[in-house]
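The listed protein sequences correspond, in order, to chains A and D.
Under the numbering used here, the first residue of the first sequence carries the number 1, and numbering increases by one thereafter.
Under the numbering used here, the first residue of the second sequence carries the number 115, and numbering increases by one thereafter.
Built from N, CA and C at the ideal position, the CB exists for glycine as well.
Report on one structure; see the data block that follows.
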Amino acid sequence: SAVHLPVTPSNICKARRLYIDFKDVGWQDWIIAPPGYMANYCHGECPFPLSESLNGTNHAILQTLVHSLDPQGTPQPGCAPIRLSPISMLYYDNNDNVVLRHYQDMVVDECGCR
Amino acid sequence: AEDRNTRERLFLSSLGLSERPQPAGSHRRPVPSELWRMFRRSESIQARDSDPCTVSEYGVRGNIIRHVQDQGRLVSGWSSSCQACLVKQLFFNVSVLQPVELLSLAQLEIRLHWKPLRPAGFLRGPRAVSMSLSKVIRATLRGADPQANRRLLLSRSIRPQLEPTAIAMDLTPLADIWRKPGHNYGLVVELSPPLSVDPDELTPFLPGNAFPLEEAWTLPLIEASLVVVSLNPHQCHSRQRR
């Protein structure tokens with residue numbers, strides 16, 4: 001039977017905070033709003049047995065099982081966004097026109113094992 | 115630095131921008147209140163579940179809303195038939211749309227800012243000013259009659275009032291034609307004084323001109339913008355696919 005490495009809570013697959021500050025990239029002169037936004041990202045382990053909270057698909061559950069039997073041959077499933085939100089940006093274009101632009105899938109709300 | 119520029123270019127292109135916008139000068143155009151309202155609404159929680167590729171305020175598909183500003187000039191005394199008329203060219207540079215974008219709406223918004231000389235003048239029931247909006251279908255050659263190259267889009271009789279007169283018109287088909295290089299000759303707004311007033315008494319309201327005291331009306335300042343809604347199909351997956 002495969003040795004199950006103890007998974008500490010912080011390693012588990014979940015959304016992690018990531019704030020994008022447009023001032024950090026020098027974009028504050030043309031972006032009117034927002035000054036930045038919470039993009040977040042997914043990171044963490046998808047261990048066997050895959051618990052309910054890890055939002056795993058049937059395939060991911062199967063893959064963790066195979067991984068626990070053959071760690072070298074089959075990797076763990078990946079930790080990926082499963083629910084995202086849009087954001088809107090107000091900015092000046094090169095003609096000094098004011099532009100409002102909506103972008104899909106810019107904020108990670110929830111992660112899962114895939 | 116090269117690596118940083120590459121990263122920036124990649125991030126900008128993922129935002130659908132070919133380069134970092136460099137807005138002119140320090141003077142910033144005020145953000146139209148309508149856009150602020152739409153931006154605030156999109157930040158609210160319930161908006162996060164609505165479709166970011168539909169502009170509910172206008173009821174069209176789109177994820178990009180531009181307030182394209184007018185770049186036309188004021189032309190007074192243009193038409194030989196009416197020296198006292200106020201003629202304003204309107205020009206909107208719609209080439210700011212990227213070729214991939216699908217145009218959903220182009221709404222012309224004109225605001226006439228009347229400048230009362232004496233408020234009493236308005237009590238007397240100011241006489242109406244006639245306004246016409248025309249599209250220019252080709253360049254006007256020197257010496258040719260500008261009227262020949264215009265097609266009337268809208269004609270209206272307007273009474274001066276204390277708050278600005280707002281006029282909106284859907285110009286989507288025309289704006290689509292303007293996107294083709296060499297096809298954008300803009301529009302012309304012409305305001306002519308009431309017929310009953312002797313044209314000699316009138317001085318079109320141009321900044322710095324005095325106007326006859328006995329007349330309490332003026333030709334207004336004309337402010338125009340084109341609200342353009344477009345959809346970038348690369349950034350708007352159909353909901354089913356998601």
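Quiz prompt | Check whether D/Ile248 and D/Leu266 have beta carbons under 7 Å apart | solution = Reading the second sequence from its first residue, position 134 is the one you call residue 248 of chain D. Reading the second sequence from its first residue, position 152 is the one you call residue 266 of chain D. The sequence shown places Ser at residue 248 of chain D, rather than the Ile named in the question. Yes, the pair counts as a contact, with Cβ atoms nearer than the cut-off.
Self-check item: Nearest-angstrom Cα separation, counted from D/Glu171 out to D/Ala220
Solution: Here residue 220 of chain D corresponds to residue number 106 of the second sequence, with the count starting at 1. Here residue 171 of chain D corresponds to residue number 57 of the second sequence, with the count starting at 1. Roughly 13 Å separates the two Cα atoms.
Quiz item: Starting from D/Asp165 and walking both ways along the alpha helix (DSSP H), at which residues does that stretch end?
Solution: Position 51 of the second sequence holds residue 165 of chain D. Element bounds for D/Asp165: n/a, residue is neither H nor E.
Exercise. Determine, using beta carbons only, whether D/Asn177 and D/Leu345 come nearer to each other than 7 Å.
Key: For the purposes of this step, residue 177 of chain D is identified with residue 63 of the second sequence, where counting begins at 1. For the purposes of this step, residue 345 of chain D is identified with residue 231 of the second sequence, where counting begins at 1. Contact flag set, yes.
Self-check item: Straight-line Cα distance separating D/Leu204 from D/Gly296
Solution: For the purposes of this step, residue 296 of chain D is taken as the residue at position 182 of the second sequence. For the purposes of this step, residue 204 of chain D is taken as the residue at position 90 of the second sequence. Cα to Cα, the separation comes out at about 16 Å.
Quiz item: How far does the beta strand (DSSP E) with D/Glu116 in it reach, from first residue to last?
Solution: Within the second sequence, numbered from 1, the residue matching residue 116 of chain D stands at position 2. No beta strand (DSSP E) holds D/Glu116; the alpha helix (DSSP H) holding it covers Glu116 to Ser128.
Quiz item: Counting Cβ pairs, one atom from each stretch, are 3 or more of them under 8 Å apart for the segment 85–99 of chain A and the segment 46–63 of chain A?
Solution: no
Quiz item: Taking the runs of the beta strand (DSSP E) that are 3 residues or longer, which of them lie wholly in the segment 184–229 of chain D?
Solution: 188–190, 200–204 and 216–227
Quiz item: Listing by chain order, which chain D residues have their CB less than 8 Å from the CB of A/Arg101?
Solution: Position 101 of the first sequence holds residue 101 of chain A. Those are Leu129, Gly130, Asn177, Ile178 and Ile179, listed as they occur along chain D.
Quiz prompt | Cβ-Cβ separation, D/Ile251 to A/Leu100 (assumed contact under 8 Å), whole Å | solution = In the first sequence, the residue the question calls residue 100 of chain A occupies position 100. In the second sequence, the residue the question calls residue 251 of chain D occupies position 137. In fact, because the Cβ distance is near 32 Å, the residues do not count as touching under 8 Å.
Exercise. Find out if the Cβ-Cβ distance for the pair A/Cys13, A/Leu54 is shorter than 7 Å.
Key: Stepping through the first sequence from its first residue, residue 13 of chain A is reached at position 13. Stepping through the first sequence from its first residue, residue 54 of chain A is reached at position 54. Yes, Cβ-Cβ distance for A/Cys13 and A/Leu54 is below 7 Å.
Quiz prompt | D/Ile251 (DSSP reduced to helix, strand or coil) | solution = Translated into the one-based positions of the second sequence, residue 251 of chain D becomes position 137. Three-state DSSP puts D/Ile251 in coil, outside helix and strand.
Self-check item: Entirely enclosed alpha helix (DSSP H) segments - the segment 8–92 of chain A, minimum 4 residues
Solution: 58–69
Quiz item: Which class does D/Glu133 belong to by DSSP, given the choice of helix, strand or coil?
Solution: Within the second sequence, numbered from 1, the residue matching residue 133 of chain D stands at position 19. Under the three-state reduction of DSSP output, D/Glu133 falls in the coil class, being neither helix nor strand.
Quiz prompt | As assigned by DSSP and simplified to three states, the class of D/Glu277 | solution = Counting from one through the second sequence, the residue named residue 277 of chain D turns up at place 163. It is coil, neither helix nor strand.
Quiz item: Quick one: what's got a C-beta closer than 6 Å to A/His85's C-beta in the same chain, skipping five residues either side?
Solution: The sequence position of residue 85 of chain A within the first sequence is 85, counting from 1. Here residue 85 of chain A is Ser; the residue named in the question, His, does not match the sequence. Val107 and Asp109.
Practice problem: Please go through the same chain and pick out, in chain order, the residues whose beta-carbon is closer than 7 Å to the beta-carbon of D/Ala253, but skip the five residues on each side of it. | Solution: Your numbering for residue 253 of chain D matches position 139 in the second sequence. Answer for D/Ala253: Tyr299, listed in chain order.
Practice problem: Output yes if chain A places a C-beta closer than 7 Å to the C-beta of D/Pro318; else output no. | Solution: What you label residue 318 of chain D is simply residue 204 of the second sequence in a count that begins at 1. Residue confidence for D/Pro318 is low, a pLDDT of 45 falling below 50, so the modelled location carries little weight and cannot support an answer.
Quiz item: If you measure from the beta carbon of A/Ser68 to each beta carbon in chain D, is any gap under 7 Å?
Solution: Taking the first sequence and counting its residues from 1, the one referred to as residue 68 of chain A is at position 68. It does not: the Cβ of A/Ser68 has no partner Cβ on chain D nearer than 7 Å.
Exercise. Work out the CA separation of D/Ile336 and D/Phe206 for me, nearest whole Å.
Key: Numbered from its first residue, the second sequence carries residue 206 of chain D at position 92. Numbered from its first residue, the second sequence carries residue 336 of chain D at position 222. Going by the C-alpha atoms only, they are around 15 Å apart.
Self-check item: Partners in chain A for D/Gln349, counting only beta-carbon separations shorter than 7 Å
Solution: The count along the second sequence starts at 1 and reaches residue 349 of chain D at position 235. Correct list: Tyr103 and Gln104.
Self-check item: Whole-Å CB distance - D/Ala280 paired with D/Arg225, under 8 Å assumed
Solution: Here residue 280 of chain D is taken as the residue at index 166 of the second sequence, counted from 1. Here residue 225 of chain D is taken as the residue at index 111 of the second sequence, counted from 1. Between D/Arg225 and D/Ala280 the Cβ distance is about 5 Å, and since that is below 8 Å, they are a contact.
Practice problem: Name the two residues that bound the continuous alpha helix (DSSP H) containing D/Glu148. | Solution: Locating residue 148 of chain D in the second sequence gives position 34, counting from the first residue. Ser147 to Glu157 is the extent of the alpha helix (DSSP H) around D/Glu148.
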